[in-house]
Amino acid sequence: MVRQDLYRHCMSVMESADIPDSDFDTLCIFQDVLKDKMPLLLPYMNVEAEKEAIILEMVERRISGMPLQYILGEWEFWGLPIKVGEGVLIPRPDTETLIEDILEIVRKTGMKSPKIADLCSGSGCIALALKSEIPSAEVYAVELSEKALVYLKQNVELNKSDINIIKGDVLSPKTSEMLTELDIIASNPPYLTAQDMAELQIEVQKEPETALFGGNDGLDFYRAMTPLWRKSLKIGGYLCYEFGMGQEKDIERIMRENRFTDIKFSRDGGGIIRTVTARKTEV
Ligand code: GLN
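Under my numbering, the first residue of the sequence shown is numbered 50, with each subsequent residue one higher.
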């Protein structure tokens, strides 16, 4: 089949399966398989049978609810290529807000080679983005899941990044005691509520529950990590979290209860209050 006909076929298959962005998804699949950024510039070019079969199989997986990012096996975050697949959370554009916040802190305070930990690192996207922007930083990525660690290691290699991977549970003092005198802690822990989990989009259901579910009210990780990791921060250091829509009041209370100051929130690209940064100003 020629490209244009195959494209129309794939799009119509996806549309009938109610895939919302069938045009975009088809384009991404074509770009990936045909290794061509603009595959429709050659609409009458024939697609080899083998490649056609691969494309059709990817479309089948997509209509079965598999996220596009897992099918492609790679997604972009902060302009960096990030390997993803079942067992690791897909990087979201919302999380780039956390990177912007931290770069702003580093600029404002004039930190030269900050010691940074990314907790619940998953694919490593946060740690890798920070290291790419602040090459002199000493960056640690902490992750517990074996499956996620496979991707994390691949992403460190793919990006030729010099960050340190620590396998550990962020809820355990054994892990927090390994990292001391930190300038910045960044984390996008699981924050979905029991209610959110019951209403997950089919694509998100394919992502690891351990990266999504934050306990009944979604706040278990913030409640446990904030007092524990406060001890690992330097005086003057910052704790920076991503959290879910509508959680800001609870997050602010948790930060205050743990004597953090300069509590600031930022909105993501969709206008939702998405991140917090707060400072440890006393022992
Ligand atoms: N941003 C993800 C979602 O809403 C949740 C990730 C998380 O819990 N940290 O699907």
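For each residue, glycine too, the CB sits at the ideal point set by N, CA and C.
Which first and last residues belong to the alpha helix (DSSP H) in which residue i is found?
i: Phe314; result: Element bounds for Phe314: not the alpha helix (DSSP H) but the beta strand (DSSP E), Phe309 to Arg316.
i: Arg214; result: Per the sequence shown, the amino acid found at residue 214 is Ile instead of Arg. Run containing Ile214: none in the alpha helix (DSSP H); it sits in the beta strand (DSSP E), Asn213 to Lys216.
i: Ala260; result: Element bounds for Ala260: n/a, residue is neither H nor E.
i: Pro276; result: Asp269 to Arg279
i: Leu129; result: Taken as a continuous stretch (DSSP letters only), Leu129 belongs to no alpha helix (DSSP H), being part of the beta strand (DSSP E) at Leu129 to Lys132.
i: Tyr200; result: Glu195 to Leu207
Looking at residue j and residue i, is the spacing between their C-beta atoms short of 7 angstroms?
i: Ala235; j: Ile151; result: yes
i: Glu161; j: Ser210; result: One detail in the question is off: residue 161 reads as Lys in this sequence, not Glu. No, these two residues do not count as a Cβ contact at 7 angstroms.
i: Pro257; j: Gly122; result: no
i: Lys132; j: Gln53; result: no
i: Val188; j: Ile165; result: yes
i: Thr75; j: Asp317; result: no
i: Ala186; j: Pro163; result: yes
i: Val155; j: Ile183; result: yes
i: Leu220; j: Val191; result: no
i: Leu138; j: Ala260; result: yes
i: Val253; j: Tyr290; result: no
i: Pro88; j: Phe79; result: yes
i: Ile303; j: Thr275; result: yes
i: Pro239; j: Phe262; result: yes
i: Ile212; j: Ala176; result: yes
How many Å lie between residue i and residue j at the Cα?
i: Asp266; j: Lys255; result: 21 angstroms
i: Ser308; j: Leu241; result: Ser is not the amino acid found at residue 308; the sequence shown has Arg there. Arg308 and Leu241: Cα-Cα distance of roughly 25 angstroms.
i: Ile112; j: Asp81; result: 18 angstroms
i: Tyr200; j: Met107; result: 21 angstroms
i: Pro69; j: Cys77; result: 14 angstroms
i: Arg244; j: Ile104; result: First, the residue type needs correcting, since residue 244 is Gln and not Arg in the sequence shown. Computed Cα separation, rounded: 36 angstroms.
i: Ser61; j: Asp85; result: 21 angstroms
i: Gly159; j: Arg305; result: 25 angstroms
i: Leu277; j: Gly171; result: 20 angstroms
i: Thr330; j: Tyr287; result: 9 angstroms
i: Asp67; j: Arg328; result: 46 angstroms
i: Leu193; j: Asp218; result: 5 angstroms
i: Cys174; j: Gly320; result: 22 angstroms
i: Pro142; j: Asp72; result: 20 angstroms
i: Glu109; j: Phe292; result: 33 angstroms
i: Met94; j: Val51; result: 5 angstroms
i: Ser65; j: Pro222; result: 51 angstroms
i: Ser315; j: Met294; result: 12 angstroms
i: Leu83; j: Glu97; result: 10 angstroms
i: Phe270; j: Gly264; result: 8 angstroms
i: Leu249; j: Arg279; result: 32 angstroms
Considering just the uninterrupted stretch of the beta strand (DSSP E) at residue i, what are its terminal residues?
i: Cys289; result: Leu282 to Glu291
i: Trp124; result: Glu123 to Phe126
i: Asn326; result: It is worth fixing the name first, because residue 326 is Thr in this sequence and not Asn. Element bounds for Thr326: Ile322 to Lys329.
i: Ser181; result: Run containing Ser181: none in the beta strand (DSSP E); it sits in the alpha helix (DSSP H), Cys174 to Glu182.
i: Tyr56; result: Note, Tyr56: premise wrong, no beta strand (DSSP E); alpha helix (DSSP H) at Arg52 to Ser65.
i: Ile233; result: Leu231 to Ser236
i: Ala243; result: Per DSSP, Ala243 belongs to no beta strand (DSSP E); it is in the alpha helix (DSSP H), Ala243 to Ala247.
i: Asp167; result: Lys164 to Leu168
message: Under 8 angstroms, with one C-beta from each stretch per pair, do the stretch 224-233 and the stretch 278-285 reach the 3-pair mark?
response: The stretch 224-233 is in contact with the stretch 278-285.
message: I'd like to know if the stretch 123-130 and the stretch 288-299 are in contact, where contact means that at least 3 CB-CB pairs between them fall below 8 angstroms.
response: no
message: As a quick check of your reading: which residues have a C-beta less than 7 angstroms from at least one non-hydrogen atom of ligand 1, in chain order?
response: Leu138, Arg141, Asp143, Asn237, Pro238, Pro239, Tyr240, Leu241, Val253, Ala260, Leu261, Gly263, Glu291 and Gly293
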